[in-house]
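Asker: Position 286, counted from 1, in the sequence shown is what our numbering calls 365; the numbers after and before it change by one each time, with no gaps.
C-beta: ideal position from N, C-alpha, C; glycine also.
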Amino acid sequence: MNAVRGLLGAGSARLVFDGPAGIGKTALLQVTADLAAGSGATVLWAQGRPHERDFAFGVVRGLFRSYLATLSEEDCAALLSDLASPAAAVVLPESTESAEVETFVMLHALYWLTVRLTERRPLMLAVDDLHWADTASLRWLLYLARRADALPLVIAASWNTGEPGTDSELLGELAETLTPVSVGALTGDEVLELTAGRFGREPCPDFLAACERATEGNPYLLHSIATAFTAEGLAPDEEGVGYLADLGPSDVSEWVHTSMRRGSADAVELAKALVVLGDGTDLATAAALSGLTLDAAGEAADVLAALRFLAGDHPLRFVHSLVRNAVDQAIPPTERLATQGKAARLRYAQRRPAEEIAAHLLAGDDIGEPWIAAVLRDGARTATRRGAPDVAVTYLRRALCEPLPDEDRAPVLIELGQAELAVDLSSSVAHLTEAFELTEDPETLCRIAAPLASAMIQRGDIRPASDLLDRAVARIGPSHVDLVDRLEATSLVHRQRVFEPDWEDRANRLAESSQTGNQRIALATIAVDEGLSGGSRAKAVALVERVLALGPPTQFCMVANSLAAGVAVLAGRLDLADDCAAGLFEFAHATGLPAAAEWAHYVVSRIAYEEGRPVDTIEELMIGSEIEESINGTRGHPDFHAAHTESLLDLGDLGGVTTLLEELGLAGDGPVTGAVAASVLSARGRHRMRTGDVKGALADHLAHGRNLGQARNVNPAMSDWRSRAALAHHRLGQTAEAKALVVEEMELARDWGAPRPLGIALRSLGIIDDDVEPLLESAEVLGGSTAKLELARTLLCLGLAQHRRGRVEQARSQLRQGYRLATDCGATAVAEELGAAVILAGGRRPRVVRAAVQALTAQQRRIAELAAAGATNREIAERHYLSLRTVEHHLTGAYRVLGVEGREELATALATTETA
80 MNAVRGLLGA GSARLVFDGP AGIGKTALLQ VTADLAAGSG ATVLWAQGRP HERDFAFGVV
140 RGLFRSYLAT LSEEDCAALL SDLASPAAAV VLPESTESAE VETFVMLHAL YWLTVRLTER
200 RPLMLAVDDL HWADTASLRW LLYLARRADA LPLVIAASWN TGEPGTDSEL LGELAETLTP
260 VSVGALTGDE VLELTAGRFG REPCPDFLAA CERATEGNPY LLHSIATAFT AEGLAPDEEG
320 VGYLADLGPS DVSEWVHTSM RRGSADAVEL AKALVVLGDG TDLATAAALS GLTLDAAGEA
380 ADVLAALRFL AGDHPLRFVH SLVRNAVDQA IPPTERLATQ GKAARLRYAQ RRPAEEIAAH
440 LLAGDDIGEP WIAAVLRDGA RTATRRGAPD VAVTYLRRAL CEPLPDEDRA PVLIELGQAE
500 LAVDLSSSVA HLTEAFELTE DPETLCRIAA PLASAMIQRG DIRPASDLLD RAVARIGPSH
560 VDLVDRLEAT SLVHRQRVFE PDWEDRANRL AESSQTGNQR IALATIAVDE GLSGGSRAKA
620 VALVERVLAL GPPTQFCMVA NSLAAGVAVL AGRLDLADDC AAGLFEFAHA TGLPAAAEWA
680 HYVVSRIAYE EGRPVDTIEE LMIGSEIEES INGTRGHPDF HAAHTESLLD LGDLGGVTTL
740 LEELGLAGDG PVTGAVAASV LSARGRHRMR TGDVKGALAD HLAHGRNLGQ ARNVNPAMSD
800 WRSRAALAHH RLGQTAEAKA LVVEEMELAR DWGAPRPLGI ALRSLGIIDD DVEPLLESAE
860 VLGGSTAKLE LARTLLCLGL AQHRRGRVEQ ARSQLRQGYR LATDCGATAV AEELGAAVIL
920 AGGRRPRVVR AAVQALTAQQ RRIAELAAAG ATNREIAERH YLSLRTVEHH LTGAYRVLGV
980 EGREELATAL ATTETA
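Below, the structure is given as C-alpha cells:
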C-alpha cells in the first residue's frame, strides 16, 4: 500500500487494482477509500455488474445518486446549474427532463458536476469491477480522467484481468490513463496466516502446500475451502489433504457449487435466480423467479449465507463474483434463456424501470409478447435523454425483431435511425430511408428527411441527399409552408443547392422568411456564396450584419454564425467575426452544446491567423480540435490543418511542419486525395518553397488553385495561391506566367475590396517586377488593415528594394518597423528575416521594448482579465468551454509573463502594463 499512499499523497491520482478474481482487489480498493476518507475526501463508491452493462450511465448513477440524496434542494440546484444541468437526467432519480441530450453534452455536464464537488472537498471516485461498468459510464470516466490533472480528485478502480468486460476498446483507452497496481497471490507465511485464522489452528505443512497449489494463493478461494471444510467437519490435516489432491484453481468453483448443492436443492435454485436477477434483488422477487415460497427462499438464503456464498444482509447479493460465475456456469444455456424471459415478465409485472426489464429481454429468447416493443422504446428514450445513443440503438434493434404492427414499425425505425446517427451512419441511412418510404404524415416526413440528408452527406452521398430533400418537399406539398421552408433551409445548411440554378431564388425567398432560423441560414448562405465567388464585399458584409441582428442563434441555425464569421474574415471585418464568435460562445455556455464552442474557437483562430498571430492561432486551433475530438473522435477540420501548417511556418518550425505533413500522409510526392489533403496543398507548397523545392511548390499551388476553381472559390481573400504560384514561376524564370497570375489576383482583389488580399497581390507584383511602387501601395493598403504580419512582410520586401536602390535610411526605417510588427505578432521566422535585413542595411537589430501585457497570448490575456475581475477558474472554463487544466496552464503562464505571484496582483499588473 505504500505505492498507493504515495499516489494519494499527490492529491490527484488515477489508479486501478488489477488481478484475477478473488485476489483481494476489492479489499484494497476499500482500504484506499478509507485512506482518502481519513484525509478529508468525499468518497463516492459504485460497482459494475454484468446484468447492468446496458444501463445508460448505471455506474455514474451509483456514484452520485446516494450522495446527492443527502444534500438539500438548494445544494443540488447549485451543483446542477448551467453547464452541469443536463446531468440531472442521470443523477437525480426524480428527474423529469425530457429533452434529448448529445453524448458530449452529458459527458461535459457530469465533468462540471464533478468539478463543483471537488471545490467543496477533495473527492474520490471508487469503482469496483470496472470491467463490468456500462459503456456510457466508461466513456465518461475516460473523459474525466483526461481532464483531471488540475482537480483534487482520485479515481480508483478494480478490475478482473480474466474477464472480458463490457467494452474492451474503452477499457484499453482508460487503462492508459490509470496507474496499474497489480495484486499478487498470497504465498508461504501469508497462506499460513489466513488459513490458521480461519481454522483456529495451524494447518499441517502438506495441507498448506495443497491449499496453495489448489488456489494459487487466491485469498477468496482459500476462505472458501476453509468454510467448506468447517461446514463438513473436516480438519486441515493429512486426511484433509486427500480432499484437495485433485483440485486446481479451475476446479474450485465447481467444488464450491457442489457444496451449495449439499446445502439444499432450494439453495441452488435461489442462487440461479439471483444470477439472472443480479445483485441487489429482494427476497420476494428471487423467490418468485425460482418458484419457491417466501419461507423456503428465506431458508435457502440462510444456507447460502452460512456457506459464505451470499452476504448475510438484504437485499440479496453474492459475496464474490467467483460464486456468481460458478453458479452461472452450472446453468444450462436453454434454461438460462428461458429464465431470462421469465424474469422479464416478472419485472414487467412489477412495473420496474424499462432498462431493468430490457436487460432480461436482451439476454433471453424472443418471447413475442405485445408489451415488449413498448418497453424497449421506453428504455431507448430514457437512454437518449441521458446522452447514451448506443444504448438506445441496442434496445431499438431488439424492438425491431419483435412482431410489430404496420403503424408501429415506422416510429421504431425513426427512433432507431436517429439514435444510430451517432453510432452507425450506414445503418442510420438504411433505417431512416425505410421509415421515409413508410411515412405519409408531412411533419413526420420532415422530421425524417432532415437527419437522413445529414447522414447521407456525412457518407459523401451529396446528390442522393439533394434528391431526397426534393422528394420530401414534393411529398409534403405546398400547403405546409413552414415544413417546406425548414427542409429548404436544411438543404442550404448542407450547401446542397449552392451550385444549382435555382438555389439563389430559394435562398432569397427564405431570407425574407418569418422564421428567423430559416432566415439566418439563408442570409449566411448567400453571404458565403458572395464571399467565395468574389462578388460584392459590401453586400456580403451587409448580409453578415443582418445575421447578427437576428439575435442569439438556436441549435438549428447556429451554423449560420460560423458561416457568417467566415465571410466577415474574408471581408476584413474581423470585428464582425468576433461578434459571431461571441454569440457562439454564449450559446455554448447556455446550452452546453459542444459544436458551438468548437466553432467559436475555430473562428477566433481564424481571426488570429488573419491578423498574423501564429501562437494564438495554434492555441485556439488546439482547443477547438480537442472539443471536436471529444465529440466524434476526429481531430481537425480540413481548414484546421492548413492554418496549423501556415502558423508553424510563421514560427519557423520547419520540423514541426514536416512532422504534421507526415501525419497527414503528405510528406512525399504521391497523389493528394481528400478534403484535408487538398486544403493543405498550398501550405505544403509554401514549405517546399522554403526548403528549396521550387518546382514542387509550384505544382502544389497550382493544384490548390484548381481545387478551389472547381468549387467556384475564386476570391483571393480565400487563398493567395496565385501570388504564391507566381513567385514560384518567377524563381524558375517563367516571367510571363508569373505576371499573368499575379495580375489576375490583383484585379480580383481590387474587385473584392478587402485590404489583405490586395496588399499581398501588390507585394507579389512588386517582387516580380522589382518595382518599388507596388510595394509602397501594398504598405499603404495593409497599413490601414488588421493584417499586421502581412504588412511586416511587405515592409521586408520594400526595405530590401529601397536598399538595393541606395535609399539606406528609408530601408532601415521600413525594416525596423517591420521587425517591430513581426515581433509583436510573435512570428519569429518573419522577425528573424527582418532582423537580418536590418543588419544587411547597415543598421542594428532593433531593441523592441514591449509592455508585459503585450507578451501575453490572446488566450492568456482573456483569462487573466477574467481572473482579475474576480472570476474563478471554473467560471472562466465554463464561459469559454475550456478544461480547468487549460485555464490553470494559461493563468500560470500569465503570472510568469506579468511577473506576479497570484490573481490578487493581476488587476494592478494589467492596468500598469496597459499604460506603460
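To which residues of the same chain is L159 closer than 7 Å at the C-beta, ignoring the five residues directly before and after it?
Answerer: So the qualifying residues of the chain are A166, A167, L192.
Asker: Could you spell out where the alpha helix (DSSP H) holding N786 opens and where it closes?
Answerer: Start and end: 773-789.
Asker: Since V184 and L672 should fall inside the 8 Å C-beta cutoff, what is the C-beta to C-beta distance between them, to a whole number of angstroms?
Answerer: Indeed they touch by this definition, with Cβ atoms about 6 Å apart.
Asker: Identify whether N794 lies in helix, strand or coil by the three-state DSSP scheme.
Answerer: N794: coil per DSSP, three-state reduction.
Asker: If I follow the unbroken beta strand (DSSP E) through T258, where does it start and stop?
Answerer: That run of the beta strand (DSSP E) goes 258-261.
Asker: Is it a yes or a no for the stretch 240-248 touching the stretch 198-211, going by three-plus beta-carbon pairs under 8 Å?
Answerer: Verdict: yes, contact present.
Asker: Nearest to L376 by CA position, among I697, A350, A529, L827, is which residue?
Answerer: According to the sequence provided, residue 376 is Ala. The question's Leu does not apply to it. The residue with the shortest Cα to Cα distance from A376 is A350.
Asker: What is the DSSP secondary structure of D654, counted as helix, strand or coil?
Answerer: Reduced to three states, the DSSP call for D654 is helix.
Asker: Measuring only the C-alpha atoms, how far is V577 from V354?
Answerer: Residue confidence for V577 is low, a pLDDT of 47 falling below 50, so the modelled location carries little weight; the figure read from the coordinates is stated next. Rounded to whole angstroms, V577 to V354 spans 60 Å at the Cα level.
Asker: Taking all protein chains shown into account, do 16 or more other C-beta atoms lie within 10 angstroms of the C-beta of D520, making it buried, or fewer, making it exposed?
Answerer: The residue in question, D520, is exposed, as its Cβ has fewer than 16 Cβ neighbours within 10 Å.
Asker: Suppose contacts are defined by Cβ-Cβ distances below 8 Å. Is S843 in contact with L787 by that definition?
Answerer: Against a cut-off of 8 Å, the Cβ pair of L787 and S843 comes out as no contact.
Asker: Return the first residue and the last residue of the beta strand (DSSP E) that D520 is part of.
Answerer: Where D520 is concerned, there is no enclosing beta strand (DSSP E), given that its DSSP letter is neither H nor E.
Asker: Would you identify the three-state DSSP class for F143, choosing helix, strand or coil?
Answerer: Correct three-state label for F143: helix.
Asker: On the three-state DSSP scale, how would you describe G922?
Answerer: Of the three classes helix, strand and coil, the one that applies to G922 here is coil, per DSSP.
Asker: Would you report the Cα separation of D444 and V233, rounded to the nearest angstrom?
Answerer: If you take the alpha carbons of D444 and V233, they lie about 42 Å apart.
Asker: Quick check: the stretch 490-506 against the stretch 449-462, are at least 3 beta-carbon pairs closer than 8 Å?
Answerer: Yes: at least three Cβ pairs fall under 8 Å.
Asker: Per DSSP, which one or two residues make a beta bridge with Q126?
Answerer: Q126 pairs with D207.
Asker: In the DSSP assignment, the beta strand (DSSP E) including F96 goes from what residue to what residue?
Answerer: 92-98 is the extent of the beta strand (DSSP E) around F96.
Asker: By the DSSP assignment, the alpha helix (DSSP H) with S684 in it spans what residues?
Answerer: S684 -> alpha helix (DSSP H) spans 673-690.
Asker: With DSSP as the reference, identify every bridge partner of I234, one or two as the case may be.
Answerer: Paired residue(s): R93, L204.
Asker: In chain order, what are the residue ranges of uninterrupted alpha helix (DSSP H) at least 4 long that sit wholly in the stretch 247-307?
Answerer: As far as the stretch 247-307 is concerned, its whole alpha helix (DSSP H) runs of at least 4 residues are 247-256, 268-278, 284-294.
Asker: Do you know how far the Cα of E698 is from the Cα of L1045?
Answerer: This structure gives no information on residue 1045, because the portion of the chain shown stretches from 80 to 995.
Asker: Quick check: what's the CA-CA separation for H969 versus Q939?
Answerer: Spanning the two alpha carbons is a distance of roughly 5 Å.
Asker: Counting only the same chain and skipping the five closest in sequence on each side, list residues whose C-beta sits under 7 Å from that of G897.
Answerer: Within the same chain, G897 has close Cβ partners A871, L874, L875, G878, L913.
Asker: Under a Cβ-count criterion, where at least 16 other Cβ atoms within 10 Å of its own Cβ denotes burial, should S151 be classed as buried or exposed?
Answerer: Flag for S151 reads exposed.
Asker: Closer than 8 Å is the cut-off here; do at least three beta carbon pairs connect the stretch 381-389 with the stretch 335-345?
Answerer: Yes, they touch.
Asker: A639 and I686 - do their beta-carbons sit closer together than 8 Å?
Answerer: In this structure, A639 does not lie closer than 8 Å to I686 by Cβ.
Asker: Is W582 buried or exposed, if buried means 16 or more other CB atoms sit within 10 Å of its CB?
Answerer: Per the 10 Å Cβ criterion, buried.
Asker: Inspect the beta-carbon positions of V860 and R895 and report whether they are closer than 8 Å.
Answerer: Their beta carbons are not under 8 Å apart, which means V860 does not touch R895 by this criterion.
Asker: So, helix, strand or coil for F664, using DSSP?
Answerer: Helix, per DSSP.
Asker: What is the rounded straight-line gap between the Cα of R426 and the Cα of G645?
Answerer: Cα to Cα, R426 sits roughly 55 Å from G645.
Asker: Along the chain, where does the alpha helix (DSSP H) containing A367 start, and where does it finish?
Answerer: Taken as a continuous stretch (DSSP letters only), the alpha helix (DSSP H) holding A367 covers 362-369.
Asker: Excluding the 5 residues preceding and the 5 following A452 in the sequence, name in chain order all residues of the same chain whose CB lies nearer than 8 Å to its CB.
Answerer: Excluding residues within five positions, the ones whose Cβ falls inside 8 Å are A478, E481, L483, D487, V491.
Asker: Who are the Cβ neighbours of M637 in its own chain at under 7 Å, not counting the five residues just before and after it?
Answerer: Closer than 7 Å at Cβ, skipping near neighbours: L663, F666, A675.
Asker: By the three-class DSSP mapping on this structure, what secondary structure does T121 have?
Answerer: Looking at T121 - three-state DSSP - the assignment turns out to be strand.
Asker: Per DSSP, what kind of secondary structure is F26 in: helix, strand or coil?
Answerer: Because the chain in this structure spans residues 80 to 995, residue 26 falls outside the shown range and cannot be described.
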